[in-house]
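Residue numbers (this note's numbering): 1 to 486. Note that beta-carbon positions come from the ideal geometry of N, C-alpha and C, so glycine has one too. Everything below concerns the one structure shown next.
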């Protein structure tokens, strides 16, 4: 018995050691961010066997072979379409802050989408106004309504959208819903979902998740985008999910979620429509060229004066695109930089950029919610506050609900609006959508909204912050260890 026991334990030890060494080498050779690499090494080396399983499930951006083939097959079509966009691109850079030019070139080089002129924006500051406008536009639709959201839950004003989609389908409008598998799990497969499908609305589950699927793809890669396009003429994007904040997560004690959307008309609507169809093609396997033809995607006339550049990001795009663009944006600031985000877990590069901006005299302000629906993110965020405040960054906590708005304004010259949080998940794992808006007038509107948030916020006092208990600081530092994996 002793020999058998010794033999089995030796085999178990050697197997575990081989797995740890092998996976550690694999993690190191993948050349990820040092903080991400170290976090995964901690998981692999400290958790026998379990660490290896966690890494194999969540450590690499595996999207699936079929999806990769579909994406590769569409590249020639996308390149031809992008070349056509460049012939209509914005050219009046002499009238724009020179700091915008490097960002424009970076997006063009990394993603291939140029700046489109002639857009008209309406900033929608609350969910009630968004739902009213959306229902009105769906009721006026003649050809198609395409909606892509991370979360869709019925109840309240979301039910008005459901009824509007049914009415649209009854009069022959082509309606499609693309919903994230995990974000919209409470809706997908429900009687309400099946009823919508029975009325002729196409509903596709984006990035399906499941135990068996987890063996082949990474199931925490999520589609976090919020996009609506109607008849190829009107579009919406921003931070708002398709939920009524009066009913959504009201048992978590964080108040109502506060979001914004932008209603868009003009040439960039063509790109948002094409982006939706590209995501739809990847999920369904339908030919992208046929989808674009059926949707009658075409160039649009100028409807305003706003130049805007669309920056989709996520696995399969140029790696680290949105992360690198955010760095360029922060370093572009000369006078003022204001950021709003619900989830603030920056990597070292973003952290250094923010501190550097404050130290060179830029007035840097970060607005976060006072209460967060993720305890882990709450603690990981607070672990970074001390060094930011010491560097001169002002951090304030919004007290009127969970501020879910994602905005950045730079020197009252240009702004960013979209779905991107300032955390690792948005930088590296989620499919996101960001508008880079090179227009002073619209930027001042966003800046005025940020001022409203500031007036409903309380500043974090450095002296009081230093006096937090050992237990709090320990929890923050523990959360920081896994911050790169959040």
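**Q.** Inter-residue CB distance, residue 412 and residue 440 (contact presumed, cutoff 8 Å)
**A.** What you label residue 412 is simply residue 412 of the chain shown in a count that begins at 1. What you label residue 440 is simply residue 440 of the chain shown in a count that begins at 1. The C-beta distance from residue 412 to residue 440 rounds to 6 Å, short enough to meet the 8 Å contact threshold.
Q: Grab the span of the beta strand (DSSP E) containing residue 204 for me, first residue to last.
A: In the chain shown, the residue the question calls residue 204 occupies position 204. In this chain, the beta strand (DSSP E) harbouring residue 204 covers 202-206.
Q: Consult DSSP for residue 327 and reduce its assignment to one of helix, strand or coil.
A: Position 327 of the chain shown, counted from the start, is the residue given in the question as residue 327. Three-state DSSP puts residue 327 in a helix.
Q) Do residue 230 and residue 501 come within 9 Å of each other at the CB atom, strictly closer than that value? A) Beyond the ends of the chain as shown, which are 1 and 486, falls residue 501; an answer cannot be given.
Q | Completely contained beta strand (DSSP E) runs for the region 152-240, where each covers 3 or more residues | A | Runs found: 174-180, 202-206, 227-230, 234-238.
(Q) Can you look up residue 285 in the DSSP assignment and give me helix, strand or coil? (A) Along the chain shown, one-based indexing puts residue 285 at 285. Reduced to three states, the DSSP call for residue 285 is coil.
Q: Taking all protein chains shown into account, decide if residue 46 is buried (16 or more other Cβ within 10 angstroms of its Cβ) or exposed.
A: What you label residue 46 is simply residue 46 of the chain shown in a count that begins at 1. Classification of residue 46: exposed, given that the 10 Å Cβ count is below 16.
Q) Are the region 159-166 and the region 259-276 in contact at 8 Å, needing three or more beta carbon pairs? A) The region 159-166 is not in contact with the region 259-276.
Q) Taking buried to mean at least 16 other C-beta atoms within 10 Å of its own C-beta, is residue 372 buried or exposed? A) Here the question's residue 372 lines up with position 372 in the chain shown. Counting the other CB atoms within 10 Å of its CB gives residue 372 a total of 16 or more, which places it among the buried residues.
Q) Do you know how far the Cα of residue 351 is from the Cα of residue 427? A) For this step, residue 427 is matched to residue 427 along the chain shown. For this step, residue 351 is matched to residue 351 along the chain shown. Between the C-alpha atoms of residue 427 and residue 351 there is a straight-line separation of about 14 Å.
Q) Hey, is the region 306-322 in contact with the region 437-454, meaning 3+ C-beta pairs nearer than 8 Å? A) Under the three-pair Cβ rule at 8 Å, the region 306-322 counts as touching the region 437-454.
Q) residue 79 to residue 112, Cα distance in whole Å? A) Start at 1 with the first residue of the chain shown, and residue 79 comes out as number 79. Start at 1 with the first residue of the chain shown, and residue 112 comes out as number 112. Straight through space, the alpha carbons of residue 112 and residue 79 are spaced by roughly 8 Å.
Q. Looking at C-alpha atoms only, which residue of 457, 381, 425 is the closest neighbour of residue 479?
A. One-based indexing of the chain shown puts residue 479 at position 479. Nearest option by C-alpha distance: 381.
Q: Give the single residue among 130, 54, 187, 181 whose Cα lies nearest to the Cα of residue 155.
A: On the chain shown, residue 155 is found 155 positions in, with the first residue counted as 1. Looking at the Cα atoms, 187 is the closest of the given residues.
Q. CB residue 121 to CB residue 158, shorter than 9 Å?
A. Taking the chain shown and counting its residues from 1, one reaches residue 121 at position 121. Taking the chain shown and counting its residues from 1, one reaches residue 158 at position 158. It is not a contact, given that the beta carbons lie outside the stated cut-off.
Q. Contact between the region 127-141 and the region 339-347: three or more CB pairs below 8 Å?
A. Proximity of the region 127-141 to the region 339-347 falls short of the contact definition, fewer than three beta-carbon pairs being nearer than 8 Å.
Q. Just to confirm, are residue 177 and residue 204 a CB contact at a threshold of 9 Å?
A. Reading the chain shown from its first residue, position 177 is the one you call residue 177. Reading the chain shown from its first residue, position 204 is the one you call residue 204. Yes, these two residues count as a Cβ contact at 9 Å.
Q) What three-state label does DSSP hand residue 473 in the structure shown? A) Within the chain shown, residue 473 is the residue found at index 473, counting from 1. Note: residue 473 maps to helix in three-state DSSP.
Q. So, using beta-carbon positions, are residue 450 and residue 409 closer together than 9 Å?
A. For the purposes of this step, residue 450 is taken as residue 450 along the chain shown, with counting starting at 1. For the purposes of this step, residue 409 is taken as residue 409 along the chain shown, with counting starting at 1. Taking 9 Å as the Cβ cut-off, residue 450 and residue 409 qualify as a contacting pair.
Q. What span of residues does the beta strand (DSSP E) with residue 394 cover, start to end?
A. Numbered from 1 along the chain shown, position 394 holds the residue referred to as residue 394. Counting along the chain, the beta strand (DSSP E) containing residue 394 begins and ends at 394-398.
**Q.** Residue range of the beta strand (DSSP E) that includes residue 118
**A.** Locating residue 118 in the chain shown gives position 118, where the first residue counts as 1. From DSSP, the beta strand (DSSP E) with residue 118 extends over 116-124.
Q | Host beta strand (DSSP E) of residue 129 (start-end) | A | In the chain shown, the residue the question calls residue 129 occupies position 129. Run containing residue 129: none in the beta strand (DSSP E); it sits in the alpha helix (DSSP H), 127-140.
Q: Return the chain-ordered list of same chain residues with a C-beta closer than 7 Å to the C-beta of residue 108, the five sequence neighbours on each side being excluded.
A: Walking along the chain shown from the start, residue 108 turns up at place 108. Short of 7 Å from the beta carbon of residue 108, and not among the five residues preceding or following it, lie these beta carbons of its own chain, in chain order: 114.
Q: Can you give me the start and stop residues for the alpha helix (DSSP H) that residue 263 sits inside?
A: Along the chain shown, one-based indexing puts residue 263 at 263. Where residue 263 is concerned, there is no enclosing alpha helix (DSSP H), although the beta strand (DSSP E) it sits in stretches over 261-265.
Q. When the Cα of residue 321 is compared with those of 74, 28, 200, 106, which residue comes out closest?
A. Within the chain shown, numbered from 1, the residue matching residue 321 stands at position 321. That would be 106, whose Cα lies nearest to the Cα of residue 321.
Q. Does the beta-carbon distance from residue 148 to residue 227 come in below 9 Å?
A. Your numbering for residue 148 matches position 148 in the chain shown. Your numbering for residue 227 matches position 227 in the chain shown. For residue 148 and residue 227, yes; Cβs fall inside 9 Å.
Q) Bridge partners of residue 144, per DSSP? A) As a position in the chain shown, residue 144 is number 144, starting the count at 1. Residue 144 is bridged to 174.
(Q) Does residue 34 pass the burial test, meaning 16 or more other C-beta atoms within 10 Å, or should it be called exposed? (A) Position 34 of the chain shown, counted from the start, is the residue given in the question as residue 34. It counts as exposed.
Q.
Please state the DSSP three-state secondary structure of residue 108.
A. For the purposes of this step, residue 108 is taken as the residue at position 108 of the chain shown. Correct three-state label for residue 108: helix.
Q. CB-CB under 8 Å to residue 532, same chain, minus the five flanking residues each way: which ones, in chain order?
A. Limits of the chain in this structure are 1 at one end and 486 at the other, which puts residue 532 out of reach.
Q.
Output needed for residue 97: all residues of its chain with C-beta closer than 6 Å, excluding positions within five of it in sequence on either side, in chain order.
A. Mapped onto the chain shown, residue 97 falls at position 97. In the same chain as residue 97, and ignoring 5 residues on each side of it, the C-beta atoms closer than 6 Å to its own belong to 413, in chain order.
Q) Considering residue 380, what are the terminal residues of the alpha helix (DSSP H) in which it resides? A) Taking the first residue of the chain shown as 1, we reach residue 380 at position 380. Run containing residue 380: 375-390, per the alpha helix (DSSP H) assignment.
Q. Do you know whose CA, among 3, 448, 185, 233, lies nearest residue 210's CA?
A. Counted from its first residue, the chain shown places residue 210 at position 210. It is 185.
Q | Beta-ladder partner(s) of residue 509, from DSSP | A | Nothing about residue 509 can be read from this structure; the chain reaches only from 1 to 486.
Q. Do residue 280 and residue 146 come within 9 Å of each other at the CB atom, strictly closer than that value?
A. Mapped onto the chain shown, residue 146 falls at position 146. Mapped onto the chain shown, residue 280 falls at position 280. With contacts defined as CB atoms closer than 9 Å, residue 146 and residue 280 qualify as a contacting pair.
Q: Just tell me which of 406, 249, 465 has its CA closest to the CA of residue 423.
A: As a first step, residue 423 is located in the chain shown; it is residue number 423 there, counting from the start. Here the closest residue by C-alpha is 406.
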